[in-house]
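Taken in order, the sequence shown gives residues 72 to 701; the numbers are from our numbering.
Cβ atoms here follow ideal geometry from the backbone N, Cα and C, with glycine treated the same way.
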Amino acid sequence: MPFDAIFMTALAGELREKLTGGKVDKLYQPARDEAVLHMRAGRDNVRLLLSASPAHPRAQLTRIPRENPETPPMFCMLLRKHFTGARLLELAQPSMERLLDFRFETLDELGDRVERRLVLECIGRKSNLIMLDGAGRITECMRRADGDLSAKRPVMPGLFYAPPEPTGRLDPSAMPPDELRAFVLQNAPEGDGQDRWLLDCFNGLSPLIARELVFQGEGSREGLALRLGRLMDRVRAGDYTPTALIRDGKPFDFTFMPVLQYGPGVELRRCPTFSALLDDFYEQKEARERVKQRGQDFIRSVTQARNRTAKKIANQEGDLAKTADREKLRQYGDIITTNLHAMSKGQTALRAQNYYDGGDADIPLDPLLTPQQNAAKYYKDYKKAQKAEEMLTLQLEKNRAELSYLDSVLQMISLSEGDRDLQEIRQELMDNGYLKQHKKKMTAKGKVKIVHAKPMEFRSSAGLAILVGKNNSQNDRLTLKDADKRDLWLHAQKLHGSHVILKTGGAEPDEASLTEAAMLAAWFSQGRESGQVPVDYTPVKAVKKPAGAKPGYVVYNTCRTVYVTPSEELVRALSRREQRGWNEARPSAGPHSGPETRPGRSEAARREQVKRDDTDVEEPKQEGGAVRHD
């Protein structure tokens, strides 16, 4: 990724302008290599994400809420001890280095004002987040590196902090324009290899930017010197453009300036801020990675169980196909019985008239058996095949249901967003015998402690709430317990996916809200990449769960179907509406659309309630599963 020093410089300027003087309210550590600081900056409450992930190190403001572990890690506890209530004094970045130094002022245990620092090093697999005291001594760090791992620069609590060693490459932003131009004209190769030469000579450039300079310079030294000089002019002037590179409707890269090397096949989408750019780029990518890392053990178990079941089904289907010709066994027994008078022990075959089809039949015989015993053997084989068909049909039905369930579990794992979602799926697998039972947490009253994750929440363009289940157990609770019987239930037709509830309160939903809810049902299903996905919808009261059915399995007898094309952009827009607290008007029809009426309540009180309800409605801001059987 082109998260180079220039990009870091642009991002640091954005953070510096927004956060300087801001106060830290809360601190969290949602993942091993991530810390989130909730800060009050001016009139805004913001989240500062500091990621030391080897794959995606960065600092940014984020709008995406992250699920925190039930027990905060030790690093998080130290962050809270030293930085809660701290005020950001300065955000520094060494020239052309992927390093940010946050300098805070806070109070120590004695009430004296002291300085504390947070240093974020974004240097690939060596990325780190380091806490320093006022003297520059390391308090703690996300990744410790003792003398055995890093003899040149150990990073351990108690040691004085030393920045990463210089790479030895030149800083192009510090060179006078004439000197930079002369250096390029004298040393740069002509034609091929210019991008590699740029990366070897200069600090702060990513491969993407190096290729872009060569592309715009058309392979000549003169052109390369001109483009590099203009880039440094842009850096000195702080002229940056947050740009996402879109291919086939999906972002695959980002940069701080428009790039032309990909031609018309790539869309350049300008974002309002660098933080918004990073949120959009990493949201889905990191969610998938977190699920993959945290759920590896039972993903492997579910996949193995699924493959075993699929193999079992294939074998049973082959055995069932063999029983289809069982009538011939009974016919052979009948023909032998009819011709007993013409047979003797020791025969290996019988050629006789087949009165079932009018031709001749060649029937194999066991020479060690008498004719009567050969006939009895064919009758026995016939009954055995008949019984096998009955048993195989039942087993196939059971195994196909199990295969469908395991496929739905894998689909639900892909929708998980945090530890709580994965814990629910893990518990579901334990309850169904696919994973070993672990020791359950008990409350003070001796009851099993079960913390349920909340379903995903969205808001339609008309202000109706839309709830989406993230696993089979959650789908069951959402549909069968939490939803109002008058709400609408939606599910992708004949596909594994989430249960979706459109909160209507019995009122007739508008067409836009229904379409948006169907979009969500299609997006959170196996049909995400399809063009036209049929989505069934019906009132919640029409959805039933058969006795003994696995989690997420429901049936319904009546429904309507709408065809939609899943859109990631629409899903994000609906999610943002919910996150920003849209409080659109409630459905106008239905028994619960108006103010509550209680016995003995005066008309004046009811009018006052209506007035309060009207004034509490906030105007919206303008803004540019489960296995289901029909």
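- For A385, there is no enclosing beta strand (DSSP E); the residue is part of the alpha helix (DSSP H) that begins and ends at 367–393.
- The beta carbon of K97 is closer than 6 Å to those of H109 in its chain, skipping five residues each way along the sequence.
- Contact between T408 and A446 holds: their C-beta atoms lie close to 5 Å from each other, under 8 Å.
- The beta carbons of K541 and S479 sit no closer together than 9 Å.
- When C-beta atoms of the segment 87–105 are compared with those of the segment 145–152, three or more pairs fall below 8 Å, so the two segments count as touching.
- Of L561, L641, F74, the smallest CA-CA separation from I572 is found for L561.
- In the DSSP secondary-structure assignment, K97 is bridged to H109.
- The segment 586–600 and the segment 612–623 do not touch, with fewer than 3 CB-CB distances between them shorter than 8 Å.
- Membership of R174 in the beta strand (DSSP E) is indicated by the continuous run 170–178.
- Short of 6 Å from the beta carbon of M79, and not among the five residues preceding or following it, lie these beta carbons of its own chain, in chain order: R169.
- Counting other Cβ atoms within 10 Å of its Cβ, S415 stays below 16 and is therefore classed as exposed.
- Shortest Cα-Cα distance from L645 to any of S601, D553, A583, Q597 involves A583.
- Counting only runs of 4+ residues, the alpha helix (DSSP H) found wholly inside the segment 393–454 occupies 398–409, in chain order.
- The three-state reading of DSSP puts P622 in coil, since its state is none of H, G, I, E or B.
- Around Q564, the same chain offers P605, D607 as residues with beta carbons nearer than 6 Å, after the five sequence neighbours per side are excluded.
- The closest CA to that of D452, considering only A423, R397, G429, L500, is found on R397.
- Residue state for V337 is assigned as coil, using DSSP reduced to three classes.
- DSSP lists E105 as the bridge partner or partners of A102.
- By the neighbour-count definition (other C-beta atoms within 10 Å, threshold 16), H412 is an exposed residue.
- According to DSSP, N116 shares a beta bridge with R111.
- Between S531 and the set G430, E587, G195, D204, the nearest pair of CA atoms involves E587.
- Rounded to the nearest angstrom, the gap between the Cα atoms of R471 and A385 is 10 Å.
- Three or more Cβ pairs closer than 8 Å define a contact, and the segment 298–309 falls short of that threshold against the segment 331–347.
- Out of E357, Q466, G113, D368, the CA that lies nearest to the CA of G389 is found in Q466.
- When Cβ pairs closer than 8 Å are counted between the two stretches, the segment 244–253 is seen not to touch the segment 130–139, the count staying below three.
- Buried is the label assigned to D351, since at least 16 other Cβ atoms lie within 10 Å of its Cβ.
- The three-state secondary structure of D558, taken from DSSP, is coil.
- R215 is positioned such that its CB atom lies closer than 9 Å to that of P228.
- If the five residues before and after E473 are omitted, its C-beta is found closer than 6 Å to the C-beta atoms of T380, all from its own chain and listed in chain order.
- Here Q164 carries a coil assignment [DSSP, helix/strand/coil].
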